[in-house]
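Q: Protein chains in written order, with the numbering used here: chain Y, 1144 to 1809; chain A, 1065 to 1248; chain E, 1190 to 1485.
Glycine residues also receive a C-beta, built at the ideal position from the N, C-alpha and C atoms.
Okay, handing you the structure first.
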Amino acid sequence: MTGQRKIGVFICHCGGNISDVVDVKAVREFAEKEDDVAIATDVRFMCANEGQERLQKEIREKGLDGVVVACCTPKMYEDLFRAKAAEAGMNPYLLEIANIREQCSYAHRHEPDKATAKAKRIVKGQVEKVRRLKPLEVKTAAIQPGVAVIGGGIAGIHASILLANLGHKVTLIEKSPTIGGNMARSVKTFPTDDCAMCTLSPKMNEVYNHPNVELLTYAEVKEAKRSPGKWTLTVEKKPRYVTDACIGCDRCTERCPVSTAKSPIQVDSEWDQGLAKRKAIYLPFPQALPQIWTIDPDHCFYFLKNGACRVCSMVCPAKAIDFAMKPETATVEVGAVIVATGYREYDPTPLAHYAYGRHPDVVTQMQFARMLDPMGPTKGEAVRRSTGKPADTIAMVQCVGSRGAPGDPNVHEYCSRVCCMVAVKHAQLIKKARPETEVYILYNDLRAYGKGFEEYYARSMELGVKYIRGLPGTVTPDGGKVLVDVDDMLTGRRLRIPADLVVLSAALEPNPVEGLLASLHLDRTADGFVKEYHAKINPTETAVKGVFVAGCAQGPKDITDTIAQAGAAAMSAAVFLGSGQMTLNPLVAEVDPALCRACDRCTEVCEFDAVHVDPDSLVAVIDETACTGCGKCGVVCPTGAISVRQFTKPQILASIDALAPMAVVP
Amino acid sequence: MSAPTRVVPDAPAFWKEVASVPGGEAIAACIQCNTCTSSCPVELLEPAFKVRQIVARVRLGLREDVLSDDAIWACARCYACVAHCPKQVRPGDVIEAVHHIALREGRQGPGPRHTRAFAESVRRDGRIHEARVTLESLGLAGVLREGLLPLAMAWRGKSPALRRRPLKSVKEIQTLLDAVEESE
Amino acid sequence: MRYAYYPGCVALDSCKELDLATREVARDLGIELVDLPEASCCGAGNLQEKNPEGALVLNARTLAMAQEKGLDILTVCGTCQLFLSRAREALEDPSARERVNKVLEKAGRQYGGGVRVKHLLQVLLEDVGWKRLGAHVRRPLGDLAVGAFYGCHLLRAPGTEAFENPENPQSIERLVKVLGGNPVAYGGRTACCGFHVLTVRQDLAVRMSAAGLAGAKSAGARVLATPCPLCHLVLDVYQKKAARAVGERLDVPVLHLSQLVGLAIGIDPERLGVERHLVSVKPIVQTLEDEEVVKA
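What follows is the structure in structure tokens.
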């Protein structure tokens, strides 16, 4: 191998950061003597003009076909130096960085002799590697245009609008019969006390009417398959049994016999969180979109009793009922996917000391919200479910199902973030509507972190909301009251609050979409939410190229933060789709067909669906749009057919041989 | 400091009652941060007197619990809490508002006794008749407990005057105080 | 310099020596003290608790009396300073003044706002000034180690912030220096003496004041100077009880501010009423006399 390459070694002083510790002249002299090194030189600042001009000059004049720049971490300037090398006519992937700053001069400030010896080894290691490098081509691949947004809550809606406005074709897929999600039933939003539906509905309408958005409701993604530059989603559309001839007159609902007083079939309304019933044919809420009714076949007499009941069909003036509807499968092909599958409320039943499920007057905040809705089942009044009378004393309990012990399967370890503000919101709404109501909030910490939140909390105290620091020991139904026993750290008293209603601030959980996430190759963090690319610096991308996450699917958050994140996800998706071409990083896996036995070990370990054995050629094929270059395939390949470019076995071993032994070189 | 039995808040509107007395206006702003109690020189010696806790008890509606507590009269009126409170609740002034309600209701004890003796002296004489106020506040038993101190004071001529010396214009003062009571 | 003089109640009763000393010092420094013989008690917080509006009216009356004479008020007690200046601040609000004046009418008085209430310490600092005061010092204190005991109320009075930092006051220490003494700083100099719970919880008051006295003593102070007769009462009259409560000997004489200034000006200690104190001031007077002899 020797004598065949012309490698240039450039050693940076880094203005003293390196040269104060490492004897760069000695390293240069050492490098000069190495095989295949055509020139070794030291420069004060490689990153400045002087360094780059020198680099380009030597490449041109000496016709270098390999470069080692001994300087700071490659994360700083590898891209820059490679670009400069390319400008000067050398393949950029023949340039390697030898990190003699962070991994040498910084780490061994007080041992200059040893540092110098180490720097020599590091440089030698990279020289050995560069001698074995081949030039690489940067390829591009077409990205399928179009975005699929999975989840029609505020996150999905907002992201869809932004992308549609940018000209992208958006397919918005929502599992329930209507878009709107949890925000639609929030009644008011903190800290502004805006009407939630009034702020949401315009966006719902905007996305519904947008020419660039195809809305699939009552539809679920069953499978996601990945091929170069494309995601193919198989979407199952459930039959509504009502066509879009529906004019929204509501006559069918009036006449449907299900859930009437004498009906043997009673169905809890999902929308009303079990506080009211619904019919078998229903519209979830008045502002639902699309405004098409849906028949629930599991609770409908037509389906259960062999066509016995057809009342809705008989009274429908638009002849929109079609019992013969069948599920349909749609195939959606997109370049990017945004997961916005939202959250659901934790069910507090396992926490037996709170008596949830044992007494009708113990409810959750989402149920309570339905009570506060002036169009809801109790017309906006906080009433005792047991008697229907207004509740005079309400006790709210925080952190139910949140902030639990790690490893406890019944609760979540995380804090659900928004429940403090939800409690404050509900409490002050009640106090404003019915000031004689006593409202107690039993809390652990009061988290009022956002803009306007602290002021909102201060106003709640002016209204007379009472705060007790301590969570209750027991919630005991007793006669006409529900007794809440709590040791209050603030008054130092063991209190007994005889409540009419107990409202539990239950945790936010991710919706059960494990199957969907698996087929998108998405990981989840320990808390069960979608794993973002990086918790701090990149919370909207995921480890999977082209798949993004927004809203509560990634973690509990309020509407403000959801919209902000949805915007960021839309932007990331737009950038990704960009020109329709994605630039492929060449430092990914590569297969030598001569060595491949099609044993399938690589396909088994690949997390990114990036390698497949071609059934015709019986050779493993890498999808370079999906491969991240992690190298797992190379580890398990028994023949060495697969390796990651520039990290082949010979290259790595040569570097290691050069680095060790760490003998002191004179 | 927990009571042995469970306490049910008996007067949920007590905080409003205190807020309507001069000094108690800002009670609803308290975030229970405990700066007040941490600044209090009395609490250091008497843990039963925790300003923050008293404010919490008022806000929760534990009216009888507060008004029947002797410890609320241990406040030395140093106003360190008022100076340091980050929310300008003026906790020391809240304590005074609570005292006002207790006095209004005719609560008894060494604290109310002293305040009443002081106020009566102002009405009677226009100024403080030290000897009389001290006697009425301490009671005979309290004076006896002072031991030889009154003698030591007398020896030095430091005893407060035994004779009353009302202001000449004391009637004017009484007229004004009456006028105020009328409008209350 | 003319001021309406408001000594308060205790300075005319058990702490009479404060009134004596103040008049002596004022005369020497050229501060004319105009009496308000009919001014009522400031309320001291007790009247405020019992009858908030009544207390405000009575203090408005005092302010009106000073205003009738065209004068600002000079106090010599921390508590009087606090409650009078609080009333003054409240009455700067026109609607409060209107409400109170309706009642004052019945006594034929009106208060128009604007009267200032200043403590002697403030007057020495702002009106007399250290230079002029220094010129009156005929008997410098000879580096006498003096600890200041400010007392809470003077530090809490509104308007106090204008002349003093309530968390780290320095005015008495500077005064001591001007008078030729050696100011000793110590932990309890801004502590509370406990006067206002003296009758209700004497046990607390004596322990609170003991902490201040012991702190001053261990920092090397030979005498305390305080601008408040209420603090003086606890620190002097109850010092023996305080010593017993903490099991330590104290023996720290306590001077009123006026007395300290009086001594430095060269006024005869007897005319400053120092022999009335329960903790003897004799050792201090002796030290000062010895200084004189040495000088002479």
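Quick one: list the residues of chain A neighbouring residue 1294(Y), beta-carbon separation under 7 Å, in chain order.
A: Result: empty, since nearest Cβ-Cβ is about 38 Å, beyond 7 Å.
Q: Check whether the stretch 1271–1282 of chain Y touches the stretch 1299–1314 of chain Y, taking contact to mean three or more Cβ pairs, one atom from each stretch, closer than 8 Å.
A: The stretch 1299–1314 of chain Y and the stretch 1271–1282 of chain Y do not touch, with fewer than three beta-carbon pairs separated by less than 8 Å.
Q: Can you find a CB in chain Y that lies within less than 8 Å of the CB of residue 1120(A)?
A: yes
Q: Would you kindly work out how many angstroms separate the C-alpha atoms of residue 1279(E) and residue 1100(A), rounded to a whole number?
A: When rounded, the distance between both Cα atoms is 24 Å.
Q: Which stretch, first to last residue, makes up the beta strand (DSSP E) that contains residue 1374(Y)?
A: 1373–1380
Q: Take residue 1162(A) as the anchor and find which of 1070(A), 1137(A), 1098(A) and 1182(A) has the nearest alpha-carbon.
A: Here the closest residue by C-alpha is 1137(A).
Q: So, at 7 Å on beta carbons, what are the nonlocal neighbours of residue 1104(A) in its own chain, with the 5 sequence-adjacent residues on each side left out?
A: 1115, 1144 and 1145
Q: With burial defined as no fewer than 16 other Cβ atoms inside 10 Å of the residue's Cβ, what is the status of residue 1281(E): buried or exposed?
A: With fewer than 16 other Cβ atoms within 10 Å, it is exposed.
Q: Using a Cβ cut-off of 8 Å (strictly closer), state whether residue 1634(Y) contacts chain A.
A: yes
Q: According to DSSP, is residue 1818(Y) part of a helix, a strand, or is it coil?
A: Missing from the structure shown is residue 1818(Y); chain Y here goes from 1144 to 1809 and no further.
Q: Going by DSSP, which residues form a beta bridge with residue 1336(E)?
A: 1373(E) and 1413(E)
Q: Closest to residue 1753(Y) by CA distance: which of 1743(Y), 1315(Y) and 1766(Y) is it?
A: 1766(Y)
Q: Cα separation between residue 1796(Y) and residue 1774(Y)?
A: Going by the C-alpha atoms only, they are around 15 Å apart.
Q: Taking the beta carbon of residue 1600(Y) as the centre, do at least 16 other beta carbons fall within 10 Å, making it buried, or is it exposed?
A: buried
Q: Would you call residue 1592(Y) buried or exposed, if buried means 16 or more other Cβ atoms sit within 10 Å of its Cβ?
A: exposed
Q: Kindly indicate which residue of 1251(Y), 1257(Y), 1258(Y) and 1189(Y) has the alpha-carbon position closest to the one of residue 1240(Y).
A: 1189(Y)
Q: Could I get the ranges of all uninterrupted beta strand (DSSP E) runs contained in the stretch 1636–1669 of chain Y, with 3 residues as the minimum, in chain order?
A: Restricting attention to beta strand (DSSP E) runs no shorter than 3 residues, the stretch 1636–1669 of chain Y encloses them at 1636–1642, 1644–1649 and 1651–1653, ordered along the chain.
Q: Between residue 1412(E) and residue 1335(E), is the Cβ-Cβ spacing less than 8 Å?
A: yes
Q: Could you give the uninterrupted runs of the alpha helix (DSSP H) lying entirely in the stretch 1370–1441 of chain Y, keeping only those of 4 residues or more?
A: 1394–1398
Q: For the candidate residues 1435(E), 1480(E) and 1419(E), whose alpha-carbon lies nearest to that of residue 1204(E)?
A: 1419(E)
Q: Scan the stretch 1269–1349 of chain Y and note each continuous alpha helix (DSSP H) run of 4 residues or more that stays entirely inside, going in chain order.
A: 1297–1308
Q: For residue 1481(E), I'd like the list of residues in its chain whose CB is within less than 8 Å of its CB, leaving aside the five on either flank, ordered along the chain.
A: Result list for residue 1481(E): 1328, in chain order.
Q: Tell me the rounded alpha-carbon separation between residue 1179(Y) and residue 1798(Y).
A: Distance between the alpha carbons of residue 1179(Y) and residue 1798(Y): 15 Å.
Q: Mind checking who residue 1153(Y) pairs with in its DSSP beta bridge?
A: 1184(Y) and 1212(Y)
Q: Looking at the structure shown, is residue 1263(E) part of a helix, part of a strand, or coil, going by DSSP?
A: strand
Q: Short of 6 Å in beta carbon distance, which residues of its chain neighbour residue 1074(A), apart from the five on each side in sequence? Order them along the chain.
A: 1127 and 1128
Q: So does residue 1274(Y) have its beta carbon nearer than 7 Å to some heavy atom of the ligand SAH?
A: Here there are no bound small molecules, and the ligand SAH is not part of this structure.
Q: Ordered along the chain, which non-local residues of its own chain (more than five positions away) have a Cβ less than 7 Å from that of residue 1747(Y)?
A: none
Q: Roughly how far, in whole angstroms, is the beta-carbon of residue 1375(E) from the beta-carbon of residue 1400(E), given that I think they are within contact range, below 8 Å?
A: The pair is not a contact, with the Cβ atoms about 10 Å apart (cut-off 8 Å).
Q: With 8 Å set as the bound, which would you pick, yes or no: does the beta-carbon of residue 1467(E) sit closer than that to a beta-carbon of chain A?
A: yes
Q: State buried or exposed for residue 1675(Y), treating a residue as buried only when at least 16 other CB atoms are found within 10 Å of its CB.
A: buried
Q: What's the C-alpha gap between residue 1544(Y) and residue 1087(A)?
A: 41 Å
Q: Using a Cβ cut-off of 8 Å, pull out every chain Y residue sitting near residue 1126(A), in sequence order please.
A: 1634 and 1636
Q: Rounding to the nearest angstrom, what Cα-Cα distance links residue 1338(Y) and residue 1240(E) in this structure?
A: 47 Å
Q: Counting beta carbon pairs with one atom in the stretch 1226–1240 of chain E and one in the stretch 1192–1208 of chain E, are three or more of them shorter than 8 Å?
A: Judged by Cβ distances under 8 Å, the stretch 1192–1208 of chain E makes contact with the stretch 1226–1240 of chain E, as three or more pairs qualify.
Q: At a Cβ threshold of 8 Å, is residue 1170(A) touching chain E?
A: no
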